[in-house]
Structure formats: structure tokens, C-alpha cells
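J.: Here it is, the structure in full.
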Amino acid sequence: MMPTRMTPRRIGDLLDRIGCLKHPCDLDLLLFFDRHPRAFLIRERLAEYVGYDLTQVEHSLETLITAGLLRRSQDSTHPAQLYVLTRGSTLGGWLASLLRIAATREGRLTVIHVLKQRQSSRRSGGGEPEPVATARALEGPHA
Amino acid sequence: MPEPDLLKTGIKGLDEVLFGGVPRGNIILVAGTAGTGKTTLGVEFVYRGAREFNEPGVIVLFEVAPDKLIRDAAFFGWDLRELERDGRLKLVFTTRQLFQQELRRADSPLVAEAAEIGARRIFVDGLVRLSEPDGGDPREAFHFLAEGLHRENLTAMLALESTFSDTAAARAPEEFVADTILRLSIEPVQRAVLRSLEVVKSRGHEYALGRHSFRIVNGLGLEVYRRVQAPRGVLREGGAAFDPASRVATGIPGLDEVVNGGYFVASTTLVVGISGAGKSVMALQFIAEGARRGERALMITLDEPPAQVLRNAHSIGIDLQSAIDKGLVHLWYEPPQEIEIDRHFAQMETLVEHFKPERAVIDSLSTYGSSLGAAERSFRDFFHAIVALMKEHQVTAVYNHENPEMLGMSSMMGEFKVSSLVDNIILMNWIELGDTFRHALTVAKMRAMPTSRTTHECEIVNGQGMQVRSRPVKALPMVPFAAYLGLISRAPERRTPQAVPEVP
């Protein structure tokens, strides 16, 4: 169960500190890699596991890798890549808190809700472009 | 012949079954249906390697999420996260197809991961029958996999899913390529289940054949118990009561005279009789006599829990607790329900090897008979193993056995025919005289000692225990067979004195 004091506002604070998470797919990829911290997979399979389209998954992977939360094997010509969750990054503490919250169904939905709200406000404020995602993905594949 | 370089699994009891371990570099296939313990075995193989033998390892998973594996391992006290942090373990999640492909590539990132920590062991969980992408020979596919693992100098354990419980039906092509095959099973025994492990084959070394029991123990992991019937070695097989001079006092007043001064050292004595005939009392006195002489004694009780045994001892004037406190007596109680015979025997072996008793009692053998069911061969094999164990360690042992017949006996052992395995047999009977059942003792068998097979009266005196009464009358003179008719028919009749031929 989500801790009772963890309001959407507090989740928002946590997301601000982590900084890089913008899209529900970012979160779901993180949750996947939390359960599978060292995964050797092709991107298509990864997309199937998390339930988003491939373009969105590639975008979210880049987000996580750029933020230093995820490491990917160097050989980009290889069909499969090794993804390693970098728990020891500077964001490690905040990340652990977020993953703990999102480990429950209720917690995950709340985080996704906050992410969506932020997406909408960014859109209305003319912020960064909307990541490619299906409507189903935005609702969350396991919601 | 060069000694094989054996890799110890570190799993309790398994290395004994494998006679020291598995030749390094062998591909070990663990086959079994769901729930037989393949994953636990494989994870422990890698965990023990990293933890106890400084051999880093990799665990490859296809279906189970690593976090669940880490959680489940914690139940056994295995901290996989700590090993990961220390760079001694890597858990890799991938797909079967990718794994199969990667082992054919010398520059695979997956292989590089294993090399990065200097992995020596790998466990691949949840392998199913492999096939070539073009639908080719699965045996060939497995061969490629084996070659890849061998190239990386890894000793690999591969858990192969099997959907059949029937071993013949489950024979997969992989089994022909693998170097070592461990088959895990769960079989129903009466209404319980018994886990067993069989080394089907293992190239490059000897191992104990047959199906060995094992348990998955919380907080520990796997414990494999070598099949009780499996040979233990020259010392065990050659164990004997060889000392013709020494005697072991029985502790029962009057009985030592009947048995020529006591039992032989390391001999096996069976005390047979109906419930209440005095077997347990005799056992307590035998144990107490040892303690009185400063000899260590082991009492294995299956019928009565320790508190009751202590009370029984107290009622015949034996302070058993004091002997236990002094370390002279070890009382081991194993509740008789669902005794797993291989495990029970392994525990007995450990006790005998560590406590080093000079005398031992098992009260009673009949309880093993109930646990083993009506399988006479199993009972005999089990008893044979106990006798060999005691003889190897020169333990003078007394076994109680309940014979269901109330008055007289038509068979010494009932349905469990093990009398040929023992050295001495003492029959305890009730004799009905007037309105009272009185205790009678007959020494029916004494190997390497004379015995008169005379029936002696004995009694259990409150506060003192059992004693064999002296015979106040002389034995009758021996009458020759020729004085009787119908001896073989078991209804002999005395001939009339005129008809008895003269003895020259």
C-alpha cells in the first residue's frame, strides 16, 4: 500500500528531484529494470514487456540512459542490448523512494497520474513536445 | 589414473553422493517436473560457489524476475544482493532464444558480463527443449550451447523443464549431450510425498547410483541424504564383532550369566517380545550400565518421547537425566510419523560418528517397519545398513522388536525377516500360570557362543527393573532323540522305556 502521507504533491516533489521522468513509459521501464536489474533483451521484447510502442520505449530508454539511471551495452549494432540499472547514481536515494511508492498498483497509478498532469500543463504552456505514445500506453498497460 | 578436478557443489550431502563433486567444466542438466526443486538447487550451486569457494557465478533467468529469486533465496539465508554488490554474482534476465544465440558468438555482451566477474559457474533456469531456428535437431542446438559454455570455462547447471513424471517419457535429446544429469522427483509415499535426486549419469568420475532423498530446508537450502542402501566403503562393509575376549555387560542381573558373561563387543542383539514383555526396561538398564561404567551410550527412541523415557527410567531407579547431563547418554527421539528413512539414517550416522557411543539401543525396530510399509526388502536393507554402521564403529547394539503374539511365538520376527542379520536373539514371552502372566526369557541365538536355549523366569521389580531369576532346580538330564517319536512333526511322543534302544 502507498504510504498515506505520499500525496500527489509529494510525488511531484520527488519527480522534480529526479528530474528526468516525464512519461509513464519512463516510470514503467524503471519499474521493469528494478525487477530485472540486469536484462539482456532486444528492444522489441522490452517494448512487449512494458506494453508501450517501440518508439516510445526507445525514447524513454534514451531518457533513462542520459540521466544515468540505466547503462546499456556499447555495441549498438548488436540486436540485443544489456541494460543494467544504475542504483548507485546520484539520484539513487530519490529513485529508491519513487520505486517504493510505485511498487504498488495504487502507488504506480498515482505517479502516472501526476506525470500525465504535468504533461498536460506542459502542453498547454507550450513546453516540450509530447513523447510518442499510444492512448493505451498513457492509461498505463497494467492499470 | 589422474584424479579428476572435481568442483564441489557445496550442497549438503550432494558432494558425498557425487563422491566429491562434479568434474570441472561438466554441463550439468537438472531435470524434473515443476516444483521438484530445480531452481533452488541451481541457485544454491551458484551461491555456494561464490560464497564458499570464491568462484563467482552468473544466474540466467527467462521467466522468474530476479527480485523474486532474491526474495526466495533470502528464505534460505542466501544474500544474493550482497554477492552482487561484491561482484561475485550477476543475475541476468533474458530470453531463451537470445541466450541460445549469444553462446554462439564469441563477442557476446552476455558472455562478456560473465567474464567481467571471472565467473566459474553459471546456472540457467527454465530451459525447455531447444531447437534450431530452422526447426533443426534439438540435440544439435544443445550441443552448440554446451560448446559455448565450455569455451567460456564455465561449469554450467541447466534446469530443464520436464512435463512428464515418467522418466522414460521425459528423456530429452539434451540428456545425451549433457555430461552430468541430476533428475529430481517428487513421489507419493502413502499420503506423504518424498523428494528424491538421482544421478542418472556423470562423465569423468564415480558417483553413488540410485535415488537419494533430499529436503528443502528453510534457512539452509537443500540437504541430500544418501540412499541408505548405498555402499559406504570398505570399513563399513567390513565392520564386524571380531574381539572374542571382551564382553559387554547387559546391566540386567542374572542375564550376563545366561549369555556367557555379556554380549560381544560390536555385536547385534535383538530383543523380541510382545508389548509389555520388558524390552524397554531391559534397554534402559543396558544404557544405564554403560553410563555406570563411564561408557557413552546412544538411545534412539521412536515409540516414546524423551520425557516419558526419563520417567520410565526413574521408575526403575535409573537417573537417566544425570547421565545425559554428564554427556554419557544421548537420547534421540524421532517421532515415528513419516520418518524419511535416508534422512533418518544420515542423522544416525552423524550421531554415531560424532558422539562415538560404545553401546546403542533402538526402541523399537517395529516402528521402522510401520514407516517403511510392508516392503520387506526396504526394511531389511535399512536394518542391514544400521547393523553395518554400528559394527564399523564397534558399537554394541540392542534392538527391540515387537512381536505381536501374546503367548508363545510361531515366528521370531513376524513379517520382517532380519534374524539372519543379527548375532543374538533374546525372546521375551509371557507364560500364563494360574491367573498370572509371568515373564520368561529365552536366548534363542548367540553367534560364536554356546547357548542352552533354556527358558528363564524373570521379573520386573518396581524401583529396580528387570532381573533374571536363578534356576533353583537343576536342568533335567538330556534325553536322546531316540527316546521320542514324531520329532519332525513337532508333536513328539515319548517312546515306552522298553522301546528305547540302548545307547552304545
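Those protein sequences? They're chains B and C, same order as listed. All residue numbers for the first sequence refer to the numbering used here, where the first residue is 1 and numbers rise by one. All residue numbers for the second sequence refer to the numbering used here, where the first residue is 1001 and numbers rise by one. Just so you know, even glycine gets a beta-carbon here, dropped at the ideal spot from N, CA and C.
Per the contact definition of three or more C-beta pairs closer than 8 angstroms, is the segment 1443-1451 of chain C in contact with the segment 1293-1301 of chain C?
T.: They do not touch, by the three-pair rule.
J.: Kindly list, in the order they appear in chain C, the residues whose Cβ is closer than 8 angstroms to that of L41/B.
T.: The answer, in chain order, is F1093, T1094, T1095 and L1098.
J.: If you count every other CB in all the chains shown that lies within 10 Å of the CB of D1423/C, and 16 or more means buried, which is it?
T.: Buried.
J.: Taking only beta carbons into account, state which residues of the segment 1038-1070 of chain C come closer than 9 angstroms to chain B, listed in chain order.
T.: Cβ contacts with chain B come from V1060, L1061, A1065, P1066, D1067 and K1068.
J.: Can you name the residues of chain B whose CB is closer than 9 angstroms to the CB of P1109/C?
T.: Ordered by position in chain B, the residues that pass the 9 angstroms Cβ test against P1109/C are F40, S73, Q74, D75, H78, A80, Q81 and L82.
J.: Anyone know if the C-beta pair for H1212/C and R1227/C falls short of 7 angstroms?
T.: It is a contact, given that the beta carbons lie within the stated cut-off.
J.: Three or more C-beta pairs closer than 8 angstroms, one from the segment 1005-1022 of chain C and one from the segment 1188-1207 of chain C: is that the case here?
T.: Counting Cβ pairs under 8 angstroms, three or more are found: they touch.
J.: Quick check: the Cα distance between A964/C and A96/B, rounded to an integer number of angstroms?
T.: For chain C, the structure presents residues 1001 to 1504; residue 964/C sits outside this window and is missing.
J.: With DSSP as the reference, label E1457/C as helix, strand or coil.
T.: In the structure shown, E1457/C sits in a strand (DSSP, three-state: E or B).
J.: Run the CB neighbour count on V1258/C, radius 10 Å, all protein chains shown included, and call it buried at 16 or more, exposed below.
T.: It counts as buried.
J.: Counting only beta-carbon atoms, is R35/B nearer than 7 angstroms to chain C?
T.: Judged by the 7 angstroms Cβ criterion, R35/B is in contact with chain C.
J.: Compare the Cα-Cα distances from F1176/C to each of K1201/C, S1185/C and L1158/C and report the closest residue.
T.: Minimum Cα distance to F1176/C is reached at K1201/C.
J.: According to the neighbour-count rule (16 or more other Cβ atoms, all chains shown, within 10 Å of its Cβ), is D1166/C buried or exposed?
T.: Confidence in D1166/C is poor, its pLDDT being 48 and thus under 50, which makes the residue's placement unreliable; the coordinate value appears in the next sentence. Looking at its Cβ environment, which holds fewer than 16 other Cβ atoms inside 10 Å, D1166/C is exposed.
J.: I need the boundaries of the beta strand (DSSP E) containing T1180/C, first residue and last residue.
T.: Looking at the DSSP string, the run of the beta strand (DSSP E) that includes T1180/C is T1180 to V1189.
J.: Here's a check: name, in chain order, each residue in its chain whose Cβ is nearer than 7 angstroms to the Cβ of R1494/C, leaving out the five neighbours to either side.
T.: Counting only Cβ-Cβ distances below 7 angstroms, and skipping sequence neighbours, we find A1483 and Y1484.
J.: Can you tell which of Q1285/C, S1378/C and N1429/C has the C-alpha that lies nearest to the C-alpha of G1276/C?
T.: Nearest option by C-alpha distance: N1429/C.
J.: Once DSSP output is grouped into helix, strand and coil, what is the label at D1363/C?
T.: D1363/C falls in the strand class under three-state DSSP.
J.: Note down the Cα distance separating Q1321/C from I1287/C, rounded to an integer number of angstroms.
T.: Their backbone Cα atoms lie some 12 angstroms apart in a straight line.
J.: If you draw a straight line from the alpha carbon of L1222/C to that of A102/B, how long is it in whole angstroms?
T.: Approximately 35 angstroms, taken between the alpha carbons.
J.: Would K1090/C pass as a contact of V1058/C if the rule is Cβ separation under 7 angstroms?
T.: Yes; because the gap between Cβ atoms is below 7 angstroms, this pair is in contact.
J.: May I have a chain-ordered list of the beta strand (DSSP E) segments no shorter than 3 residues that lie completely inside the segment 1279-1352 of chain C?
T.: Correct list: 1297-1301 and 1329-1333.
J.: Could you tell me which chain C residues have their CB closer than 7 angstroms to the CB of R45/B, listed as they occur along the chain?
T.: The answer, in chain order, is T1095.
J.: Looking at C-beta atoms only, is the number of pairs between the segment 20-38 of chain B and the segment 116-123 of chain B that lie closer than 8 angstroms three or more?
T.: At 8 angstroms Cβ cutoff, the stretches touch.
J.: Exposed or buried, R17/B, counting other C-beta atoms within 10 Å across all chains shown (16 or more means buried)?
T.: Exposed is the call here.
J.: Give the range of the beta strand (DSSP E) segment to which E1257/C is assigned.
T.: First-last for E1257/C: L1255 to V1258, but that is the alpha helix (DSSP H), not the beta strand (DSSP E).
J.: For the segment 1178-1198 of chain C against the segment 1027-1034 of chain C, are there 3 or more C-beta pairs whose distance is under 8 angstroms?
T.: Yes, the segment 1178-1198 of chain C touches the segment 1027-1034 of chain C.
J.: Can you pull the chain B residues whose beta carbon is under 8 angstroms from the beta carbon of E1340/C, in chain order?
T.: Within 8 angstroms Cβ-Cβ: nothing; E1340/C doesn't reach chain B, min ~37 angstroms.
J.: For N1400/C, does the count of other Cβ atoms within 10 angstroms reach 16, so buried, or fall short, so exposed?
T.: So N1400/C ends up on the buried side.
J.: Within 10 angstroms of its Cβ, does V1224/C collect 16 or more other Cβ (buried), or is it exposed?
T.: Buried.
J.: Can you tell me which of L99/B, I112/B, L29/B and E106/B puts its alpha carbon nearest to the alpha carbon of T63/B?
T.: Among L99/B, I112/B, L29/B and E106/B, the Cα nearest to that of T63/B is on L29/B.
J.: Quick one: measure Cβ to Cβ for T1442/C and T1455/C, integer angstroms, because I've assumed they're closer than 8 angstroms.
T.: That belief holds up - the Cβ atoms of T1442/C and T1455/C are roughly 5 angstroms apart, short of 8 angstroms.
J.: Pull up the distance between the alpha-carbon of M1478/C and that of H1384/C, whole angstroms please.
T.: Each residue's Cα considered, the two are about 37 angstroms apart.
J.: When the Cβ atoms of the segment 72-79 of chain B are set against those of the segment 29-39 of chain B, are three or more pairs found closer than 8 angstroms?
T.: No, the segment 72-79 of chain B is not in contact with the segment 29-39 of chain B.
J.: Quick one: what's got a C-beta closer than 6 angstroms to A1323/C's C-beta in the same chain, skipping five residues either side?
T.: For A1323/C, where only same-chain residues beyond five positions count, the Cβ hits under 6 angstroms are A1291 and V1329.
J.: Quick one: any contact between the segment 1328-1348 of chain C and the segment 1302-1317 of chain C, if contact means 3 or more CB pairs under 8 angstroms?
T.: Taking 8 angstroms as the limit for Cβ pairs, the verdict is that the segment 1302-1317 of chain C does touch the segment 1328-1348 of chain C.
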